[in-house]
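So the sequence shown is numbered by numbering that gives the first Met the number 0: it starts at 0 and just counts up by one.
Just so you know, even glycine gets a beta-carbon here, dropped at the ideal spot from N, CA and C.
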Amino acid sequence: MSTFISVIVPLYNEELVIHELYKKLTAVLHRYKDEYEIILINDGSRDKTLQLAKQLCFQDKKVKLINFSRNFGHQAALTAGMDKTSGRVVVTIDADLQDPPEIIPEMVKQWGEGYQVVHGVRKKRKGEGIFRHAAIFLFYRFLRKTTHIDITVDSGDFRLMDRRVVDELKKMREKNRYIRGMVSWVGFRQTEVEYVREKRFAGKTKYPFRKLVKLAIDGILSFSSFPLKISLAIGYFCSLVSLLIILYAVISNYPYPEPTIPGWIFVFLIVLFLGGIQLITIGILGQYIGRIYEQTNERPIYIMEEHINFE
Ligand code: UDP
Ligand code: MG
Numbered sequence: 000m001s002t003f004i005s006v007i008v009p010l011y012n013e014e015l016v017i018h019e020l021y022k023k024l025t026a027v028l029h030r031y032k033d034e035y036e037i038i039l040i041n042d043g044s045r046d047k048t049l050q051l052a053k054q055l056c057f058q059d060k061k062v063k064l065i066n067f068s069r070n071f072g073h074q075a076a077l078t079a080g081m082d083k084t085s086g087r088v089v090v091t092i093d094a095d096l097q098d099p100p101e102i103i104p105e106m107v108k109q110w111g112e113g114y115q116v117v118h119g120v121r122k123k124r125k126g127e128g129i130f131r132h133a134a135i136f137l138f139y140r141f142l143r144k145t146t147h148i149d150i151t152v153d154s155g156d157f158r159l160m161d162r163r164v165v166d167e168l169k170k171m172r173e174k175n176r177y178i179r180g181m182v183s184w185v186g187f188r189q190t191e192v193e194y195v196r197e198k199r200f201a202g203k204t205k206y207p208f209r210k211l212v213k214l215a216i217d218g219i220l221s222f223s224s225f226p227l228k229i230s231l232a233i234g235y236f237c238s239l240v241s242l243l244i245i246l247y248a249v250i251s252n253y254p255y256p257e258p259t260i261p262g263w264i265f266v267f268l269i270v271l272f273l274g275g276i277q278l279i280t281i282g283i284l285g286q287y288i289g290r291i292y293e294q295t296n297e298r299p300i301y302i303m304e305e306h307i308n309f310e
């Protein structure tokens with residue numbers, strides 16, 4: 000049986016939501032008869048997620064499972080799913096039902112009208128703190144301003160992609176993966192479907208602020224050389240300012256035997272100032288070099304321990 004639609008769901012400690020997710024997804028996917036598959040990726044969960052997922056696979060052959068050898072992260076899990084799908088269209092969705100599966104048919108409709116990527120765009124977010132909310136809001140605007148590509152603002156990882164797009168993404172084996180940026184990068188015809196982001200169905204977020212920051216940095220460094228330009232600009236600015244101060248000191252000191260600014264403070268300030276600038280610049284360079292290092296080592300993006308219900 001050929002697969003029309005593949006739905007990829009990463010799972011990390013999602014024992015509380017997996018059943019409800021399965022129920023809701025199946026209810027929606029029912030309309031595609033036998034031509035759908037649900038691909039669960041267990042991303043090194045430490046709770047009962049794996050057992051429950053295996054049970055589902057056992058009951059229903061449409062549910063397939065990829066089990067990672069440890070936690071490789073959300074973006075790696077999505078990648079594994081895409082590597083293994085066979086669908087004409089591929090949907091990625093979070094496990095916690097924050098992205099309503101009921102939107103999927105609407106996405107498929109847009110695809111039918113000739114779009115190869117349909118982003119789910121959050122109109123509203125429920126149940127997230129004001130600080131997190133503001134940080135996310137600013138981040139997307141910043142990213143859009145600093146990158147050359149047109150990254151869809153406020154779109155998480157709820158989207159539909161055509162087979163063509165997935166095939167292109169599969170060729171991109173970069174290690175620091177920021178999939179929403181990569182999807183925008185590949186091009187094709189892209190559109191958006193708006194939805195209200197619900198509260199998590201159960202459990203806690205698996206994206207603590209630390210992981211969110213890591214994802215944001217991946218996004219910025221993977222798609223822009225803006226940070227390198229800032230340090231260059233600060234460098235120019237500082238050199239110019241110090242030059243002016245030096246000129247001022249030389250000129251203002253000229254007629255007097257006594258200096259107007261004590262010499263040691265002057266030197267101290269300039270050394271401190273330039274030292275700081277140099278450290279910042281080196282730090283930014285270091286970020287990119289770290290990435291080059293990660294890219295050049297031959298480690299895979301994820302390790303699969305087992306997979307179930309794939310032919
Ligand atoms: N997730 C994952 N690996 C991780 C962290 C998260 O596979 O290391 C999954 C998680 O199970 C969920 C999705 O990624 O299906 C999004 O996570 P979450 O809902 O916790 O993020 P939030 O919606 O709070 O940003
Ligand atoms: Mg969530």
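| task | Using alpha carbons as the reference points, say which of V185, V8, R163 lies closest to T25. | result | Stepping through the sequence shown from its first residue, residue 25 is reached at position 26. Nearest of V185, V8, R163 to T25, Cα basis: V8.
| message | Comparing C-alpha positions only, which one of N175, I229, T295, G128 sits nearest to I283? | response | In the sequence shown, counting from the first residue as 1, residue 283 sits at position 284. Taking only the C-alpha atoms, the option nearest I283 is I229.
| request: Considering only heavy atoms of the ligand MG, list every residue whose Cβ is less than 5 Å from one of them, following chain order. | output: D93, D95, Q97
| Nearest-angstrom Cα distance between L20 and I37? | Taking the sequence shown and counting its residues from 1, one reaches residue 20 at position 21. Taking the sequence shown and counting its residues from 1, one reaches residue 37 at position 38. Computed Cα separation, rounded: 11 Å.
| request: Label N311 either buried or exposed according to how many other C-beta atoms from any shown protein chain fall within 10 Å of its C-beta, with 16 as the threshold for buried. | output: Because the chain spans 0 through 310 in this model, residue 311 falls outside it and cannot be assessed.
| task | My understanding is that Q97 touches R196, with C-beta atoms under 8 Å, so please give their C-beta distance in whole angstroms. | result | By one-based count along the sequence shown, residue 97 stands at place 98. By one-based count along the sequence shown, residue 196 stands at place 197. Q97 to R196, Cβ: 5 Å. Contact.
| Exposure label - S223; buried when at least 16 CB within 10 Å | Here residue 223 corresponds to residue number 224 of the sequence shown, with the count starting at 1. So S223 ends up on the buried side.
| said: Three or more C-beta pairs under 8 Å: does that hold for the segment 84 to 93 against the segment 2 to 18? | reply: yes
| query | Which first and last residues belong to the alpha helix (DSSP H) in which M81 is found? | reply | For this step, residue 81 is matched to residue 82 along the sequence shown. It spans 73 to 83 - the alpha helix (DSSP H) in which M81 sits, taken as one unbroken run.
| P104 - DSSP class collapsed to helix/strand/coil | Along the sequence shown, one-based indexing puts residue 104 at 105. Reduced to three states, the DSSP call for P104 is helix.
| query | For K174, which of Y287, S1, H29, A52 has the nearest alpha-carbon? | reply | Residue numbering aside, residue 174 sits at position 175 when the sequence shown is read from its first letter. Among Y287, S1, H29, A52, the Cα nearest to that of K174 is on Y287.
| Where D46 falls: helix, strand or coil (DSSP) | Within the sequence shown, residue 46 is the residue found at index 47, counting from 1. Three-state result, D46: coil.
| message | On the DSSP bridge list, what partners appear for G119? | response | Taking the first residue of the sequence shown as position 1, residue 119 is located at position 120. In the DSSP output, where bridge partners are listed per residue, G119 has V192.
| said: Below 7 Å, is the gap between the Cβ of P9 and the nearest heavy atom of the ligand UDP? | reply: Taking the sequence shown and counting its residues from 1, one reaches residue 9 at position 10. Correct: P9 has its Cβ closer than 7 Å to the ligand UDP.
| said: In this structure, how does DSSP classify D93 when only helix, strand and coil are distinguished? | reply: Looking up residue 93 in the sequence shown gives position 94. The answer is coil: DSSP assigns D93 none of H, G, I, E or B.
| request: Have a look at the DSSP bridge pairing and note the partners of N41. | output: Here residue 41 refers to the residue found at position 42 when the sequence shown is read from its first residue. L10, N66, per the DSSP bridge assignment.
| message | Rounded to the nearest angstrom, what separates Q54 and F157 at their Cα positions? | response | As a first step, residue 54 must be located in the sequence shown, where it is residue number 55. As a first step, residue 157 must be located in the sequence shown, where it is residue number 158. Cα to Cα, Q54 sits roughly 25 Å from F157.
| said: Can you tell me whether T204 sits near the ligand UDP, meaning its C-beta is under 7 Å from at least one heavy atom of the ligand? | reply: For the purposes of this step, residue 204 is taken as residue 205 along the sequence shown, with counting starting at 1. Within the cutoff, so yes.
| message | Assuming contact is defined by CB atoms lying nearer than 8 Å, are G202 and V62 in contact in what I supplied? | response | As a working mapping, residue 202 is identified with position 203 in the sequence shown. As a working mapping, residue 62 is identified with position 63 in the sequence shown. No. Outside cutoff.
| request: Report all residues from its chain with a CB closer than 6 Å to the CB of V89; omit the five preceding and five following residues, and keep chain order. | output: Within the sequence shown, residue 89 is the residue found at index 90, counting from 1. Excluding positions up to five away in sequence, the list reads S5, M160, V165.
| request: Verify the contact flag: N66, CB atom, against every heavy atom of the ligand UDP, threshold strictly below 7 Å. | output: Here residue 66 is taken as the residue at index 67 of the sequence shown, counted from 1. No; taking the cut-off as 7 Å, the Cβ of N66 has no heavy atom of the ligand UDP nearer than that.
| request: Report the residue from E305, L246, V116, S221 whose alpha carbon sits nearest the alpha carbon of Q294. | output: Taking the sequence shown and counting its residues from 1, the one referred to as residue 294 is at position 295. Of the listed residues, the one whose Cα sits closest to Q294 is S221.
| query | Is any heavy atom in the ligand UDP found nearer than 7 Å to the beta carbon of D42? | reply | Residue mapping note: residue 42 aligns to position 43 of the sequence shown, counting from 1. At least one heavy atom of the ligand UDP is nearer than 7 Å to the Cβ of D42, so yes.
| said: Whole angstroms are fine: how far does the CA of I264 sit from the CA of I244? | reply: One-based indexing of the sequence shown puts residue 244 at position 245. One-based indexing of the sequence shown puts residue 264 at position 265. If I take the Cα positions, the gap works out to 13 Å.
| query | Do you know how far the Cα of V192 is from the Cα of E105? | reply | In the sequence shown, residue 105 corresponds to position 106, counting from 1. In the sequence shown, residue 192 corresponds to position 193, counting from 1. Computed Cα separation, rounded: 8 Å.
| field | Test item: CB-CB of L77 and I178 under 8 Å | value | Locating residue 77 in the sequence shown gives position 78, counting from the first residue. Locating residue 178 in the sequence shown gives position 179, counting from the first residue. Yes, these two residues count as a Cβ contact at 8 Å.
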